[in-house]
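One structure is given here, and the rest of the page talks about it.
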Amino acid sequence: WLHRLFLMTVVPADRDVNSMLREEKASNINMFLLTLSHCVNLGMSAHFIASVLEDLLKKKTLVTKATLSNESPALYLDSKDVSKKRFALSAFRSELANQTAIFLQNNILGFRLLDTSVLPTQKASLYELKLGGISPMFEQSWTYEYGSVSSAMSLGFMLQKTKVRGEYDIATAARNNNNGNHMFMMMAMMQGGGMPGSQKKPSKLRRDLLSSGDEIGHVFSCMNWDLANQTASFWMCEDVFEKFSDYHFRLIRTDGWFCLPHGDAKLGDAKHIG
47 WLHRLFLMTV
57 VPADRDVNSM
67 LREEKASNIN
77 MFLLTLSHCV
87 NLGMSAHFIA
97 SVLEDLLKKK
107 TLVTKATLSN
117 ESPALYLDSK
127 DVSKKRFALS
137 AFRSELANQT
147 AIFLQNNILG
157 FRLLDTSVLP
167 TQKASLYELK
177 LGGISPMFEQ
187 SWTYEYGSVS
197 SAMSLGFMLQ
207 KTKVRGEYDI
217 ATAARNNNNG
227 NHMFMMMAMM
237 QGGGMPGSQK
247 KPSKLRRDLL
257 SSGDEIGHVF
267 SCMNWDLANQ
277 TASFWMCEDV
287 FEKFSDYHFR
297 LIRTDGWFCL
307 PHGDAKLGDA
317 KHIG
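Per the numbering used here, the sequence shown starts with residue 47, numbered consecutively.
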């Protein structure tokens with residue numbers, strides 16, 4: 047069940063952007079780690095919880111009977127045992143390791159790991175990255191807002207070694223969800239309206255992350271976004287920052303699973319502010 051919890055946390059359901067919903071708690075790595083800590087506080091075996099976390103930190107691919115839904119795509123069926131599913135975890139491991147290290151540095155986790163060799167070793171620092179370049183068409187839109195009716199706190203970012211243009215962006219998502227008109231998609235996200243009866247296709251970004259992992263990019267869900275200043279801020283261990291400094295930084299939404307348009311930036315462009 048912890049495998050399923052992790053999958054549902056880092057890869058929330060491929061939601062219908064035409065539906066109205068509100069999240070009261072962000073589905074991100076911090077929530078998962080806080081849940082593990084709470085389980086230990088309730089009396090569950092710290093050794094068992096730690097072993098599950100270490101397993102997730104080390105494995106590039108997770109083979110499990112846990113599913114994301116009752117209709118997990120056939121793409122994820124394990125070739126050796128069709129009762130199990132095979133999910134790529136490598137797109138989410140970097141943030142899991144980063145946040146676990148931050149929790150340990152601040153004595154928040156509440157239990158110890160026997161093997162910390164996969165964790166960053168340098169201290170965490172606060173970084174700020176000003177993106178800019180957001181089109182006036184989207185500038186005042188709740189697409190970039192945390193408090194939107196569509197989904198609160200569904201913003202994150204993806205780091206790509208080679209920037210993939212087009213196939214994961216908002217325009218492609220609009221074509222998949224609202225017959226090619228991105229303005230209809232925007233209206234749906236802001237008002238919970240949209241076009242009834244439109245044919246919705248699964249998100250290509252979400253599907254590719256689960257099948258190809260970090261070949262697509264490294265996903266980070268723990269960040270703050272200042273729409274007025276078009277600035278993202280986040281805590282990251284300094285060795286993680288150095289490792290990915292030359293990677294392209296792309297804002298993503300995890301309710302519709304698409305990249306948002308903004309000015310070109312790399313992680314290394316971020317300023318150390320604390």
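Yeah, the Cβ is synthetic: ideal placement off N, Cα and C, and Gly gets one too.
| field | Presumed contact (8 Å Cβ cut-off) between Phe-78 and Phe-52, rounded CB distance | value | What you label residue 78 is simply residue 32 of the sequence shown in a count that begins at 1. What you label residue 52 is simply residue 6 of the sequence shown in a count that begins at 1. Yes, they are in contact, since the Cβ atoms of Phe-78 and Phe-52 sit about 6 Å apart, within 8 Å.
| Length of the line joining the Cα atoms of Thr-300 and Leu-201 | Here the question's residue 300 lines up with position 254 in the sequence shown. Here the question's residue 201 lines up with position 155 in the sequence shown. The straight-line gap from Cα to Cα measures roughly 6 Å.
| field | C-beta contact flag for Ala-278 and Phe-203 at 8 Å | value | Translated into positions along the sequence shown, residue 278 becomes position 232. Translated into positions along the sequence shown, residue 203 becomes position 157. Cβ distance < 8 Å, so Ala-278 and Phe-203 count as in contact.
| field | Contact check, Phe-45 vs Tyr-173, beta carbons under 8 Å | value | Residue 45 lies beyond the residue range present for the chain, which begins at 47 and ends at 320; the question has no answer from this structure.
| What is the DSSP secondary structure of Ile-180, counted as helix, strand or coil? | Locating residue 180 in the sequence shown gives position 134, counting from the first residue. DSSP places Ile-180 outside both helix and strand once states are collapsed to three, so it counts as coil.
| query | With 16 other CB atoms within 10 Å as the buried threshold, where does Gly-259 fall? | reply | In the sequence shown, the residue the question calls residue 259 occupies position 213. Result: buried.
| Nearest candidate by alpha-carbon position, reference Leu-306, set Gly-314, Ala-316 and Phe-295 | Indexing the sequence shown from 1 puts residue 306 at position 260. It is Phe-295 whose Cα lies nearest to the Cα of Leu-306.
| field | Among His-49, Gln-151 and Met-90, the one whose alpha carbon lies nearest that of Lys-131 | value | On the sequence shown, position 85 is the one that residue 131 refers to. Per the Cα distances, His-49.
| request: Report the three-state DSSP secondary structure of Ala-274 (helix, strand or coil). | output: For the purposes of this step, residue 274 is identified with residue 228 of the sequence shown, where counting begins at 1. Judged by DSSP in its simplified three-state form, Ala-274 adopts coil rather than helix or strand.
| field | Burial state of Lys-106, where buried means 16 or more other Cβ atoms lie within 10 Å | value | Taking the first residue of the sequence shown as position 1, residue 106 is located at position 60. Under this definition Lys-106 is an exposed residue.
| CB of Gln-168 within 8 Å of CB of Cys-268, strictly | The count along the sequence shown starts at 1 and reaches residue 168 at position 122. The count along the sequence shown starts at 1 and reaches residue 268 at position 222. No. Outside cutoff.
| said: Spatial neighbours of Phe-138 within its chain, please: C-beta separation below 6 Å, excluding the five flanking residues on both sides. | reply: Locating residue 138 in the sequence shown gives position 92, counting from the first residue. Around Phe-138: Val-56 and Val-265.
| Residues sharing a beta bridge with Phe-149, DSSP | Indexing the sequence shown from 1 puts residue 149 at position 103. DSSP, once it has assigned bridges, lists no residue as partnering Phe-149.
| said: Quick check on the burial criterion: 16 or more other C-beta atoms within 10 angstroms. Buried or exposed for Asp-254? | reply: Numbered from 1 along the sequence shown, position 208 holds the residue referred to as residue 254. By the neighbour-count rule (16 or more Cβ atoms within 10 Å), Asp-254 is buried.
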